[in-house]
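S.K.: Starting off with a structure, shown below.
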Amino acid sequence: MGAIIDHKQEIYCVGGIDAIDRNIMRQLQLDARVSNTRLAAIVGLSPSACLRRIAALEKEGYIRGYTAILGQSDEKDGIAVIINITLERQTEEHLNKFEAAIRKFPEIQECFLMTGGSDYLLKLEVENAHAFERIHKEILAKLPGVARIHSSFSIRNVLKTRQRKGG
């Protein structure tokens with residue numbers, strides 16, 4: 001890491017993050033709605049120093065946004081669909097075209113470049129099989145360079161977490 005700079009209560013590493021920054025991020029993962037005053041007290045900073053650190057973490061891309069995890073009653077939960085995609089070719093051009101295309105569809109919640117048997121793993125949530133059929137026909141089947149699509153529907157969610165461990 002770079003040099004350590006001390007501005008009153010504010011101690012941070014130039015060119016990286018320190019233990020206080022990691023603690024701020026951990027606390028925001030637990031409760032992104034925590035007040036700045038409360039967060040500052042938890043991490044041992046003044047409210048203004050805490051706010052400056054959060055702004056710096058956002059500017060540097062360590063904090064990319066804040067998300068609301070929407071709850072639904074069990075009988076109204078959507079069906080999670082995991083989709084394995086295999087491309088015709090794995091050249092940089094094919095990967096880039098596929099990734100650019102996938103970003104255009106908000107229905108697809110997550111997309112991972114994978115090792116192993118498939119090139120990409122997609123995650124989405126649908127209301128029912130009919131809704132997935134529409135997505136399959138209108139989106140997945142038209143993605144560039146796709147050789148194989150393998151979809152699996154979840155039976156139920158056993159564990160859902162929003163917090164990254166070790167952060």
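Quick note, the sequence shown lines up with residues 1 to 167 if you use UniProt numbering. For every residue, glycine included, the Cβ atom is placed at its ideal position computed from N, Cα and C. Remember, predicted model here, so these are calculated numbers, not experimental data.
Checking the sheet assignment: what are the DSSP bridge partners for Leu121?
M.R.: According to DSSP, which records beta bridges pairwise, Leu121 is partnered with Asn84 and Phe112.
S.K.: I'd like the span of the alpha helix (DSSP H) that includes Ser48, first residue to last.
M.R.: Where Ser48 is concerned, the enclosing alpha helix (DSSP H) stretches over Pro47 to Lys59.
S.K.: Considering only C-alpha positions, which residue in the set Gln29, Ile85 and Ala141 is nearest to Gly65?
M.R.: The residue with the shortest Cα to Cα distance from Gly65 is Gln29.
S.K.: Mind checking Asp31: buried by the 16 CB within 10 Å criterion, or exposed?
M.R.: That one is exposed.
S.K.: Return the bridge partner residues of Glu153 from the DSSP annotation.
M.R.: Glu is not the amino acid found at residue 153; the sequence shown has Phe there. Bridge partners of Phe153: Val81.
S.K.: Helix, strand or coil for Arg134, going by three-state DSSP, please let me know.
M.R.: Helix at Arg134.
S.K.: From the DSSP output, in three-state form, read off Val158 for me.
M.R.: In the structure shown, Val158 sits in coil (DSSP, three-state: anything other than H, G, I, E or B).
S.K.: Thinking Cys50 and Leu57 are a contact (beta carbons under 8 angstroms), I'd like their distance in whole angstroms, please.
M.R.: Going by Cβ atoms, the distance from Cys50 to Leu57 rounds to 11 angstroms, so no, they are not a contact pair.
S.K.: Would the beta-carbon of Lys97 fall within 7 angstroms of that of Pro144?
M.R.: Yes; because the gap between Cβ atoms is below 7 angstroms, this pair is in contact.
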